[in-house]
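**Q** Got a structure for you, questions after.
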Amino acid sequence: MENILFDAYKSKNLDFKNRIVMAPMTRSRSDNRENKATELTAKYYQQRATAGLIITEGTFISPEAVGVINVPAIYSPEQIEGWKLTTEAVHKEGGKIFAQLWHTGAYSHPNLHNGKKPMAPSNVNPQQQVFTAQGFQTSEEPQPMTTEDIKQTVNDFKQAALNAFEAGFDGVELHGANGYLLQQFFSKNSNLRNDEYGGSVENRARILFEILDAIKEIADLQKVALRLNPSLNGIMGILVDDETIELYNYIVTRLNEYDLAYLHLIEPFTDVSDNSYAIQEVAKHFRKIYNGTIIINRGFNKKTATKVLQDGYADLVSFGTPFIANPDLVERFKSDAPLNQPDQATFYTPGEKGYTDYPTLNN
-12 MENILFDAYK SKNLDFKNRI VMAPMTRSRS DNRENKATEL TAKYYQQRAT AGLIITEGTF
48 ISPEAVGVIN VPAIYSPEQI EGWKLTTEAV HKEGGKIFAQ LWHTGAYSHP NLHNGKKPMA
108 PSNVNPQQQV FTAQGFQTSE EPQPMTTEDI KQTVNDFKQA ALNAFEAGFD GVELHGANGY
168 LLQQFFSKNS NLRNDEYGGS VENRARILFE ILDAIKEIAD LQKVALRLNP SLNGIMGILV
228 DDETIELYNY IVTRLNEYDL AYLHLIEPFT DVSDNSYAIQ EVAKHFRKIY NGTIIINRGF
288 NKKTATKVLQ DGYADLVSFG TPFIANPDLV ERFKSDAPLN QPDQATFYTP GEKGYTDYPT
348 LNN
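Numbered according to my numbering, the sequence shown spans residues -12 to 350.
Listed below in structure tokens is the structure:
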């Protein structure tokens, strides 16, 4: 019997050749003055186009969104042209590709912003090592965003979505996970605001729905998705708290009104089994709440991915690291072939090594 992983997935909004998704992963290959995706980027994604869906590495929506060097962005004409190389290459292989739209918020450094403090919901330092042109540097206290800054950021997401569609992407995924800007707004310990964007669950989620409403003005939301990491705890300065479950239940329930392409969820990064504030089984929890397509992520292999699909908790499974070392991951899963092991030393280094030079079964 054919494994459910390899079944086509069709919904009102989506049409994928299998249920295997390439997860977004920063690879730091845009070491050029324009911070644009290149022919090398296109080759990397083209090699992996047998996935039902590719989600790109996070791509910065504006200069203010930048939180690390050598990452491709999507706010300039040159960057749009750069991404066209990738979308054309993936489509040539019959693949589908979404751009992940990214703003790092407090996870940044003044050296990435001409000496200015990065902007965030509040002046809470995430205490992270940030990769800059001067090497790794410790994050600093960010500049709290004004209401005007927030409105501009909403517009930046809207413009980035417009740019992504101009570049030929099949859709966009908002990065609302892993401790970056949107999750900094969601979390009580990183959002200390007392205006309409702070305090209550509804206020802390407000920016997300303003972004969705803004994008709706220029695009069909059936081509827009969202990634969430509800049980992130103790990473990037984010902690689960007594309102975390209420907040994510509110967000996901309200998303039912938006008819998105999908909701991309991440199971806990760390052991939260003793934490009563944390959602232990994310996909299982939100399957009862969310009416649309769910992609689940976090350390899956062929066996565990098959089980989560068979159990009905998700519709698709995204794989990260296995796709780095195995451009033909789908074929390897189909034939139960051994997987190449990734070279972690080349995850974020320039050039082809550890990027486009992993062997396939056919070479």
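All C-beta atoms in this analysis are idealised placements derived from N, C-alpha and C, irrespective of residue type, glycine included. Only a predicted model underlies this, so the values are computations on that prediction, with no experimental measurement involved.
Which of the three DSSP states is assigned to E44 in this structure?
**A** Strand at E44.
**Q** Quick one: complete beta strand (DSSP E) runs, 3+ long, within the region 57 to 117?
**A** Segments of the beta strand (DSSP E) lying fully in the region 57 to 117: 84 to 89.
**Q** Apart from the five residues on each side of it in sequence, which residues of its chain come closer than 6 Å, Cβ to Cβ, to M(-12)?
**A** Reliability of the predicted coordinates at M(-12) is poor, the pLDDT of 44 falling under 50, and no value is obtained from them.
**Q** If you reduce the DSSP assignment to three classes, tell me which class T140 lands in.
**A** Residue state, collapsed to three classes: helix.
**Q** When DSSP labels each residue in this structure, what does A52 get in the three-state scheme?
**A** Helix, per DSSP.
**Q** What does the alpha-carbon distance come out to for the pair A24 and F287?
**A** In a straight line, the C-alpha of A24 is about 28 Å away from that of F287.
**Q** Between G69 and L1, what straight-line distance do the alpha-carbon atoms span, to the nearest angstrom?
**A** Approximately 25 Å between the Cα atoms of the pair.
**Q** Do the region 8 to 18 and the region 307 to 317 meet, that is, are 3 or more Cβ pairs less than 8 Å apart?
**A** With the cut-off at 8 Å, the region 8 to 18 and the region 307 to 317 touch.
**Q** Ends of the alpha helix (DSSP H) at A270?
**A** Note, A270: alpha helix (DSSP H), V269 to R274.
**Q** Do I283 and V295 come within 8 Å of each other at the CB atom, strictly closer than that value?
**A** Closer than 8 Å, so yes.
**Q** The beta strand (DSSP E) spanning Q124 covers which residue range?
**A** First-last of the beta strand (DSSP E) with Q124: G122 to T125.
**Q** Is the separation between the beta-carbon of F47 and that of W89 shorter than 8 Å?
**A** Yes, these two residues count as a Cβ contact at 8 Å.
**Q** Taking its Cβ as the centre, do 16 or more other Cβ atoms sit within 10 Å of A332, making it buried, or is it exposed?
**A** A332 is exposed by the Cβ-count criterion.
**Q** Hey, R16 and N57: beta-carbon distance below 8 Å or not?
**A** Their beta carbons are under 8 Å apart, which means R16 touches N57 by this criterion.
**Q** Rounded to the nearest angstrom, what separates D200 and D298 at their Cα positions?
**A** Each residue's alpha carbon lies about 33 Å from the other.
**Q** Once DSSP output is grouped into helix, strand and coil, what is the label at A212?
**A** Of the three classes helix, strand and coil, the one that applies to A212 here is strand, per DSSP.
**Q** For the alpha helix (DSSP H) that L242 lies in, which residues bound it at each end?
**A** Looking at the DSSP string, the run of the alpha helix (DSSP H) that includes L242 is T231 to L242.
**Q** Short check: CB of G185 to CB of N178, under 8 Å?
**A** The answer is yes: Cβ separation under 8 Å.
**Q** Can you look up T257 in the DSSP assignment and give me helix, strand or coil?
**A** Correct three-state label for T257: coil.
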